[in-house]
Amino acid sequence: DGKIRRYEPRGEPLPDRDGQVASSVTDVDPNPDNDNCDRSRWHSLEFNSTALLAAALINSALGLVFWALAARFFVEAEVGRAGAVINTAVMLSTLANLSLGALYERFLPLAGRRTGALLIRGYVVTGLFALLLGAVFIAVGPADDLFESTTGKTLFPLCVATLAAFALADSVLVGLRAARWAAVKNISFAVAKLAILCALGLTVAGDRGSVAGHAAIEVSWVLTAAVAVLVAQTVVVMAVRAQSRTESTLP
Numbered sequence: 144d145g146k147i148r149r150y151e152p153r154g155e156p157l158p159d160r161d162g163q164v165a166s167s168v169t170d171v172d173p174n175p176d177n178d179n180c181d182r183s184r185w186h187s188l189e190f191n192s193t194a195l196l197a198a199a200l201i202n203s204a205l206g207l208v209f210w211a212l213a214a215r216f217f218v219e220a221e222v223g224r225a226g227a228v229i230n231t232a233v234m235l236s237t238l239a240n241l242s243l244g245a246l247y248e249r250f251l252p253l254a255g256r257r258t259g260a261l262l263i264r265g266y267v268v269t270g271l272f273a274l275l276l277g278a279v280f281i282a283v284g285p286a287d288d289l290f291e292s293t294t295g296k297t298l299f300p301l302c303v304a305t306l307a308a309f310a311l312a313d314s315v316l317v318g319l320r321a322a323r324w325a326a327v328k329n330i331s332f333a334v335a336k337l338a339i340l341c342a343l344g345l346t347v348a349g350d351r352g353s354v355a356g357h358a359a360i361e362v363s364w365v366l367t368a369a370v371a372v373l374v375a376q377t378v379v380v381m382a383v384r385a386q387s388r389t390e391s392t393l394p
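Each residue of the sequence shown is one higher than the last, beginning at 144 in the numbering used here.
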């Protein structure tokens, strides 16, 4: 057609005036920002899953050590009574959670600004239901065989509510994409209750002490669970604040 067109090959790049061929690929830093890498690794599914698995194994192993030391410090009847009380409280706390844990794990990532309201409602409902179940057990269950005093019967519903909040906190942290903190909570709980049991067993509890063996075991279990719940709520509040900046995609 008489027009002069400039030919630009699509393959190799053209050399410059010095005869050097410029690379068409931009150099990439082989070491990206370390902070971003570490942050993504901490939030990765693989890391959080591994942390939960490791925490479960460590918690199980320390649980065996806990009951072995309890049997060494205290007589069999005291250990059996404490085990019955704790297992009953754990069973009732599981019922009190009403399977909200699975719902939180599924829908909290989508809750956005509604996360705080959902958590408050869930904690209130499960807490009240746990108190109700504990009170019903004291009223119609074998409370006289498990508790020697009125104080133990009065505090039992609170123990159920505490263990219900402790169990629910794991699912809440998973739903908020902070499962690694659930692992930290469970490992810390296992270590702390073991330390308190040893301290009580070597000092004020036992056959010659001022505290009954079953009371020492129950206190070491429930007290550390209550502290773990309070500490976990700090992480939950921070995660909720971060998530409240996003819009909810729940139906």
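Yeah, the Cβ is synthetic: ideal placement off N, Cα and C, and Gly gets one too.
Range of the contiguous alpha helix (DSSP H) that encloses residue i
i    : result
V218 : Looking at the DSSP string, V218 is not in any alpha helix (DSSP H), and its letter there is neither H nor E.
R384 : G356 to Q386
E248 : L243 to A254
G295 : T293 to G318
A282 : T258 to V283
V334 : A322 to L345
L393 : First-last for L393: undefined, no H or E at that position.
Under 8 angstroms between C-beta atoms of residue i and residue j
i    : j    : result
L340 : F209 : yes
V315 : V379 : yes
V267 : E361 : no
S236 : V303 : yes
A273 : A307 : yes
T116 : V370 : The question about residue 116 has no answer here: the residues shown for the chain are numbered 144 through 394.
R323 : F190 : yes
V347 : T305 : no
L195 : A333 : no
H357 : R215 : no
Straight-line Cα distance separating residue j from residue i
i    : j    : result
V222 : T193 : 33 angstroms
A211 : E219 : 11 angstroms
R256 : L205 : 38 angstroms
G277 : T297 : 9 angstroms
G226 : R388 : 45 angstroms
Q376 : A312 : 8 angstroms
L337 : S363 : 7 angstroms
S353 : S203 : With a pLDDT of 49 at S353, under the threshold of 50, the modelled position of that residue is not reliable, and the figure given next carries that caveat. Approximately 30 angstroms between the Cα atoms of the pair.
L253 : A286 : 43 angstroms
A213 : T269 : 30 angstroms
L366 : A310 : 14 angstroms
I330 : L393 : 33 angstroms
V317 : V374 : 16 angstroms
A359 : G295 : 12 angstroms
A232 : F299 : 8 angstroms
R284 : Q386 : According to the sequence displayed, residue 284 carries Gly and not Arg. Computed Cα separation, rounded: 43 angstroms.
L343 : M234 : 26 angstroms
T293 : I281 : 10 angstroms
A245 : G265 : 12 angstroms
I263 : N240 : 13 angstroms
L251 : S391 : 9 angstroms
L271 : L301 : 10 angstroms
L261 : V279 : 27 angstroms
L138 : A197 : Outside the shown range of the chain (144 to 394) lies residue 138, about which nothing can therefore be said.
A355 : R249 : 43 angstroms
beta-carbon residue i near the ligand COA non-hydrogen atom, thresh 7 angstroms
i    : result
L343 : As presented, the structure is devoid of all ligands, the ligand COA included, so that no description of it is given.
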